[in-house]
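Colleague: One structure is given below, represented as structure tokens, and several questions about it will come after.
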Amino acid sequence: MIEKNKKKVIEKIESGEVKIKSRWFFLARKLGLQSGLALSVILLIIIVNAFFYYIKTNNLLSELHYGPSLWQEVLHFFPYDLVLIGVILILIINFLVRKFEFHYWKPFIIMFLLSALLIIILASILLVFDFNERISGFLEDCGFRVPFMSDFYIQRCGQIPQ
Amino acid sequence: MDKNNKKNLIGLTDEELIVFVREENKNAYSFIIDRYHNKIWAYIYRLINDPNDTDDLVQQTFINIYTNINSFNPKKRFSPWIYRIAHNLSVNYLKKKKSKISIDRNEDIVKKLFSKEDLFNEVFKKEEYVKINKLLNELPEKYKTPLILRFAEEKSYEEISEILRIPKNTVGTFINRAEKILRKEMKIFYDRKK
Numbered sequence: 001m002i003e004k005n006k007k008k009v010i011e012k013i014e015s016g017e018v019k020i021k022s023r024w025f026f027l028a029r030k031l032g033l034q035s036g037l038a039l040s041v042i043l044l045i046i047i048v049n050a051f052f053y054y055i056k057t058n059n060l061l062s063e064l065h066y067g068p069s070l071w072q073e074v075l076h077f078f079p080y081d082l083v084l085i086g087v088i089l090i091l092i093i094n095f096l097v098r099k100f101e102f103h104y105w106k107p108f109i110i111m112f113l114l115s116a117l118l119i120i121i122l123a124s125i126l127l128v129f130d131f132n133e134r135i136s137g138f139l140e141d142c143g144f145r146v147p148f149m150s151d152f153y154i155q156r157c158g159q160i161p162q
Numbered sequence: 163m164d165k166n167n168k169k170n171l172i173g174l175t176d177e178e179l180i181v182f183v184r185e186e187n188k189n190a191y192s193f194i195i196d197r198y199h200n201k202i203w204a205y206i207y208r209l210i211n212d213p214n215d216t217d218d219l220v221q222q223t224f225i226n227i228y229t230n231i232n233s234f235n236p237k238k239r240f241s242p243w244i245y246r247i248a249h250n251l252s253v254n255y256l257k258k259k260k261s262k263i264s265i266d267r268n269e270d271i272v273k274k275l276f277s278k279e280d281l282f283n284e285v286f287k288k289e290e291y292v293k294i295n296k297l298l299n300e301l302p303e304k305y306k307t308p309l310i311l312r313f314a315e316e317k318s319y320e321e322i323s324e325i326l327r328i329p330k331n332t333v334g335t336f337i338n339r340a341e342k343i344l345r346k347e348m349k350i351f352y353d354r355k356k
């Protein structure tokens, strides 16, 4: 049995039918995964920060105290698109993380909670340090429209009638 | 490969041998096959229970190892890596066939599970064997592979964790739960008989 299986494998190797994949292939794959993961995490932090900024500039949290009609208004103005983008990014991050070996070292739930906490903290830091005001100012001064961002920062933030 | 070279290769660890194959001599790959063929064959057979397809999957495992040999990190252990590849191929095969892992004929598992129990002698009576096999096969899928790796392949929790890509604590939990289920069911079975 061993000789039969060994012979078939060795034959395929010797005939060139089976070849070793280059080191560059694995290096490129690893770099691609790492940069994809880093980019997705940065984007998620920016999206969470934009969500907080939207809530803050439109006073959505204080509106919640004023009865059912305002609840409807809050639901109407809720930034569903940001939530959707956030969910898509979380799914991408989850997919990429599972490609790395470290994902099973700690229970998934602990890793998920720690990552969520870290992302919220970093998003809050951006909020405190006027990251959004700078972007908003830049978008108003630059003279051209940046898809989604110009609309979000100029048209939607701080524009809900109180 | 001359005799001296062969002698030297026998003394190498798996990880050193892999480095040797990818950097010096591809022909030395046959040593990897010699070292792992029987273990991998037994493991795949335990999962899929079909000798002909086991041969195909064993060949595919060694082909995958060879093609991806440059992705192996020699600072890590080789054994969990090869088992992981064999495991993935077997699981995909089972999915395609829409069948489940069958633990029939795994005396090793049964022996080790009940070795400390007063049920040990009872379990090995012929008529009880059907019952215990049925119970093993009725276990949730996620418990079966850790049981096979622990009791039939004699892997440590750490190795099982690396092979199945689940946390080490979860491996322990799965094995303990499976043991509890089996012991409980067997006790109920014997109590009814009495």
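Listed in order, the protein sequences are those of chains Z and G. First residue of the first sequence? That's 1 in the numbering used here, and the numbers climb one at a time after it. First residue of the second sequence? That's 163 in the numbering used here, and the numbers climb one at a time after it. By construction, the Cβ of each residue, glycine as well, lies at the ideal position given by its N, Cα and C atoms. These numbers were taken from a predicted model, which means no experiment stands behind them.
Tell me the DSSP secondary structure of P236 (chain G) in three-state form.
Modeller: coil
Colleague: Considering only their Cβ atoms, is the gap separating E321 (chain G) from P242 (chain G) smaller than 7 Å?
Modeller: Taking C-beta atoms as the reference points, P242 (chain G) and E321 (chain G) count as a pair closer than 7 Å.
Colleague: Along the stretch 217-238 of chain G, what residues have a CB closer than 8 Å to any CB found in chain Z?
Modeller: D217, V220, Q221, F224, I225, Y228, T229, N230, I231, N232, S233
Colleague: Would you identify the three-state DSSP class for F144 (chain Z), choosing helix, strand or coil?
Modeller: coil
Colleague: Can you tell me the Cα-Cα spacing of N211 (chain G) and W203 (chain G), whole angstroms?
Modeller: 11 Å
Colleague: Using the beta-carbon of each residue, which ones in chain Z are nearer than 7 Å to H199 (chain G)?
Modeller: I2, N5, K6
Colleague: Quick check for students: name the residue ranges of the beta strand (DSSP E) that lie wholly in the stretch 203-264 of chain G, counting only runs of 3 or more.
Modeller: none
Colleague: Within 7 Å (strictly less), CB to CB, does K21 (chain Z) reach chain G?
Modeller: yes
Colleague: Do K306 (chain G) and I263 (chain G) have their C-beta atoms closer together than 7 Å?
Modeller: yes
Colleague: Using 7 Å as the threshold, is the C-beta distance between Y245 (chain G) and I328 (chain G) below it?
Modeller: no
Colleague: If you run the structure through DSSP and keep just helix, strand and coil, what is F170 (chain Z)?
Modeller: In this structure chain Z extends from 1 to 162, so residue 170 (chain Z) is not present and cannot be described.
Colleague: Considering only the beta carbon of each residue, do L117 (chain Z) and N49 (chain Z) sit closer than 7 Å?
Modeller: no
Colleague: By how many angstroms is the C-alpha of G137 (chain Z) removed from the C-alpha of P147 (chain Z)?
Modeller: 16 Å
Colleague: I need the boundaries of the alpha helix (DSSP H) containing N58 (chain Z), first residue and last residue.
Modeller: Note, N58 (chain Z): premise wrong, no alpha helix (DSSP H); not H, not E.
Colleague: Under 7 Å Cβ-Cβ, which residues of chain G neighbour V18 (chain Z)?
Modeller: Contact annotation for V18 (chain Z) against chain G: I225, Y228, T229 [CB-CB distance below 7 Å, chain order].
Colleague: Ends of the alpha helix (DSSP H) at D151 (chain Z)?
Modeller: Here D151 (chain Z) belongs to no alpha helix (DSSP H), and DSSP marks it neither H nor E.
Colleague: Could you check what DSSP says for D176 (chain G) in three-state terms: helix, strand or coil?
Modeller: helix
Colleague: Counting only C-beta atoms, is V9 (chain Z) closer than 7 Å to chain A at any point?
Modeller: The structure shown has no chain A; the protein chains it does contain are Z and G.
Colleague: Under 8 Å: do the stretch 6-19 of chain Z and the stretch 54-61 of chain Z share three or more Cβ pairs, one atom per stretch?
Modeller: Two segments are said to touch when three or more pairs of C-beta atoms, one from each, lie closer than 8 Å; by this definition the stretch 6-19 of chain Z does not touch the stretch 54-61 of chain Z.
Colleague: Can you give the beta carbon distance from F351 (chain G) to K293 (chain G), rounded, assuming they're within the 8 Å contact cut?
Modeller: 6 Å
Colleague: Taking 7 Å as the CB-CB cut-off, is I206 (chain G) touching chain Z?
Modeller: no
Colleague: Give the residues from the stretch 314-329 of chain G that approach chain Z closer than 7 Å (Cβ to any Cβ), ordered along the chain.
Modeller: Listed by position along the chain: S323, R327, I328, P329.
Colleague: Since S241 (chain G) meets chain Z, which of its residues come closer than 9 Å, beta carbon to beta carbon?
Modeller: Within chain Z, no residue comes near S241 (chain G); the closest Cβ sits about 15 Å away, beyond 9 Å.
Colleague: Just mark R312 (chain G) as buried or exposed, buried being the case when its beta carbon has 16 or more other beta carbons within 10 Å.
Modeller: buried
Colleague: Quick one, which of G:L309, G:L256, G:N230 has its alpha-carbon nearest T332 (chain G)'s?
Modeller: G:L309
Colleague: Looking at chain Z, is there any beta carbon in it that lies within less than 7 Å of the beta carbon of I195 (chain G)?
Modeller: yes
Colleague: Taking C-beta pairs closer than 7 Å, name the residues in chain G that F26 (chain Z) reaches, listed in chain order.
Modeller: Under the 7 Å cutoff, chain G gives N232, S233.
Colleague: Quick one: what does DSSP say I93 (chain Z) is sitting in, helix, strand or coil?
Modeller: If DSSP states are grouped into helix, strand and coil, I93 (chain Z) belongs with the helices.
Colleague: Beta-carbon of Y104 (chain Z) versus every beta-carbon of chain G: anything under 7 Å?
Modeller: yes
Colleague: Just tell me which of G:D353, G:A314, G:P302, G:K330 has its CA closest to the CA of R339 (chain G).
Modeller: G:P302
Colleague: Out of G:V220, G:V181, G:A248, which has the shortest C-alpha to C-alpha gap to K4 (chain Z)?
Modeller: Per the Cα distances, G:V220.
Colleague: Output yes if chain Z places a C-beta closer than 7 Å to the C-beta of S192 (chain G); else output no.
Modeller: So yes, S192 (chain G) belongs to the interface.
Colleague: Please classify S323 (chain G) as buried or exposed, where buried requires at least 16 other C-beta atoms within 10 Å of its C-beta.
Modeller: buried
Colleague: Return helix, strand or coil for D130 (chain Z), following the three-state DSSP convention.
Modeller: In the structure shown, the three-state DSSP call for D130 (chain Z) is coil.
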